[in-house]
Amino acid sequence: MLGFLSARQAGLDHPLRLRRAESTRRVLGLELNKDRDVERIHGSGVNTLDIEPVEARYMLSGGSDGVIVLYDLENSSRQPYYTCKAVCSVGRNHPDVHKYSVETVQWYPHDTGMFTSSSFDKTLKVWDTNTLQTADVFNFEETVYSHHMSPVATKHCLVAVGTRGPKVQLCDLKSGSCSHILQGHRQEILAVSWSPRCEYVLATASADSRVKLWDVRRASGCLITLDQHNGKKSQAVESANTAHNGKVNGLCFTNDGLHLLTVGTDNRMRLWNSSSGENTLVNYGKVCNDSRKGLKFTVSYGCSSEFVFVPYGSTIAVYTIYSGEQITMLKGHYKSVDCCVFQSNFQELYSGSRDCNILAWVPSLYEPVPDDDEDSAFLFPSFPKTWSWSRRAYITLIIFSFLNL
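Quick note on full-length UniProt numbering: the sequence shown kicks off at 1 and runs consecutively.
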């Protein structure tokens with residue numbers, strides 16, 4: 001780390017190299033934080049989490065009980081032991097509460113004053129954060145599994161919605177109505193995700209084993225149907241293409257939008273080139289996935305080598321995206337994990353499970369430094385320990401001071 005600091009000071013390295021190296025180190029050191037609790041509000045499983053992208057301070061959670069909770073993740077007490085308190089919640093007594101399980105919550109990408117939620121009660125609701133009242137409600141004929149707003153859109157306000165039916169519905173927040181429908185899947189839509197690179201490109205995953213990429217401006221159908229075997233591209237063959245050998249219930253673009261990750265009930269995760277639709281054939285091994293609905297997984301941001309965090313039974317598996325290597329398994333939940341979300345400012349991870357808990361995973365700050373002189377350590381047992389701690393604290397202080405420049 002001192003080498004990175006020296007090279008940065010001398011102008012030999014790009015300033016981002018140190019930031020990426022430290023972010024990578026912190027992600028590799030993720031562990032369950034025993035000093036931080038997230039207030040338990042949900043009386044049943046936690047299905048979905050989302051951290052707002054403006055300050056990365058407030059987190060939404062949605063549960064199987066229909067309850068939505070807003071948490072403040074900042075440690076305002078400045079004490080090492082603290083609890084992330086619930087700022088407010090849409091409880092069972094709220095007049096606008098969802099009747100059934102909340103499957104997806106998402107902040108409005110450009111402002112914390114609004115968020116959206118969708119549920120098994122066949123509704124998509126738009127909420128005013130300040131008043132905690134619904135600003136608009138979209139009703140559907142089928143159960144809603146997933147929805148997503150584009151994080152980069154400037155020319156449209158469309159919300160993509162996946163339901164138990166085979167059609168993808170696009171809801172326009174400006175007009176308050178469904179603008180149009182995307183047809184092509186044969187079974188229910190379990191996951192939808194807008195590209196962070198192009199505001200008009202949408203990825204959809206279905207129980208028919210297919211993943212499709214759409215340009216919502218086109219009326220002629222999807223752009224690509226992903227093929228796990230990388231077969232020849234023709235309209236006749238493309239209709240038979242499958243991305244997995246089971247239901248596809250999870251989607252996530254990398255932060256640069258160049259690649260797309262998918263997970264399926266065939267216990268596989270695949271990485272795709274989002275431009276060509278080619279399967280990159282990265283082998284992640286067995287990725288246990290027995291979820292009957294959408295699985296929410298996430299990727300890191302700002303690291304030298306990016307990582308993906310995938311719920312794996314009662315644990316969370318961490319893989320390097322482009323090599324497929326499994327780094328670690330995060331263990332802490334007692335029941336199956338259904339969702340996780342990455343906080344990129346401090347390289348933290350939050351996960352929700354059917355055990356009704358939300359756990360915080362944070363980087364381990366200090367590593368034990370071996371004593372250079374065992375004899376001096378024996379004669380003066382407290383001195384080397386104090387000196388090592390001071391050295392580590394000093395180096396860490398220097399690093400963060402540079403990062404904040």
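Even for Gly, the Cβ is constructed at its ideal location relative to N, Cα and C. All figures in this text were calculated on a predicted structure; none of them were measured in a lab.
Your pair Leu295 and Val341 does not check out as a contact, with CB atoms roughly 13 Å apart and the cut at 8 Å. Here the alpha carbon of Ser44 sits roughly 21 Å from the alpha carbon of Leu349. CA-to-CA, the gap between Thr104 and Ser61 works out to about 9 Å. The Cβ atoms of Val90 and Ile68 sit closer than 7 Å to each other. Comparing alpha-carbon positions, the option among Ser274, Thr242, Arg26, Val54 lying closest to Pro109 turns out to be Val54. The stretch 272–282 and the stretch 293–311 do not touch, with fewer than three beta-carbon pairs separated by less than 8 Å. A distance below 7 Å separates the beta carbons of Gly162 and Ile189. For Tyr350, the beta-bridge partners assigned by DSSP are Val341, Ala360.
Close CB contacts of Val87 within its chain, under the 8 Å cut and outside five residues either way in sequence, are with Tyr58, Leu70, Tyr71, Asp72 (chain order). The shortest CA-to-CA distance from Gly246 to any of Ser336, Val126, Asp355, Val211 is the one to Val211.
For the pair of segments examined, the stretch 200–208 was found to touch the stretch 248–256: the number of CB pairs separated by less than 8 Å reaches three. Within the same chain, and ignoring the five residues on either side of Arg217 in sequence, the residues whose Cβ sits closer than 6 Å to its Cβ are Tyr200.
Counting only residues of its own chain and dropping the five nearest sequence neighbours on each side, Cys303 has a CB closer than 7 Å to the CB of Arg20, Ser23, Thr24, Val27. Within the UniProt repeat "WD" (182–217), the beta strand (DSSP E) runs of at least 3 residues that lie entirely inside it are, in chain order, 189–194, 201–206, 211–215.
In the structure shown, Thr24 adopts helical secondary structure according to DSSP, grouped into three states. For Gln169, the uninterrupted beta strand (DSSP E) run begins and ends at 168–172, by DSSP.
Here the alpha carbon of Lys34 sits roughly 28 Å from the alpha carbon of Val102.
Of the candidates Asp256, Gln187, Val168, Val168 places its Cα closest to the Cα of Cys222. Under the 10 Å beta carbon count, Phe346 is surrounded by fewer than 16 other beta carbons and is classified as exposed. Annotated as proximal: Ser305 and Thr320, with beta-carbon spacing under 7 Å. Within the model, the alpha-carbon separation for Leu330 versus Glu31 is close to 7 Å. By the beta-carbon neighbour count (other beta carbons within 10 angstroms, threshold 16), Gly285 is exposed.
Residues Val282, Asn283, Tyr284 of the same chain have their beta carbon placed closer than 6 Å to that of Gly324, with the five preceding and five following residues left out of the count. Inclusion of Val287 and Phe297 in the CB contact set at 7 Å is not warranted, their separation being larger than that value.
Of all alpha-carbon atoms in Glu142, His229, Met149, Gly184, the one lying nearest the alpha-carbon of Pro196 is that of Met149. Here Thr48 is buried: its Cβ has 16 or more other Cβ atoms, across all protein chains shown, within 10 Å. Our two residues, His333 and Gly352, have alpha carbons roughly 9 Å apart in a direct line.
Around the beta carbon of Val144, a 10 Å sphere encloses 16 or more other beta carbons of the protein chains shown; the residue is thus reported as buried. Less than 7 Å separates the beta-carbon of Arg36 from that of Ala360. With fewer than 16 other CB atoms across the displayed protein chains lying within 10 angstroms of its CB, Thr131 is exposed. For the 7 Å CB-CB criterion, Ile358 and Val38 form a contact.
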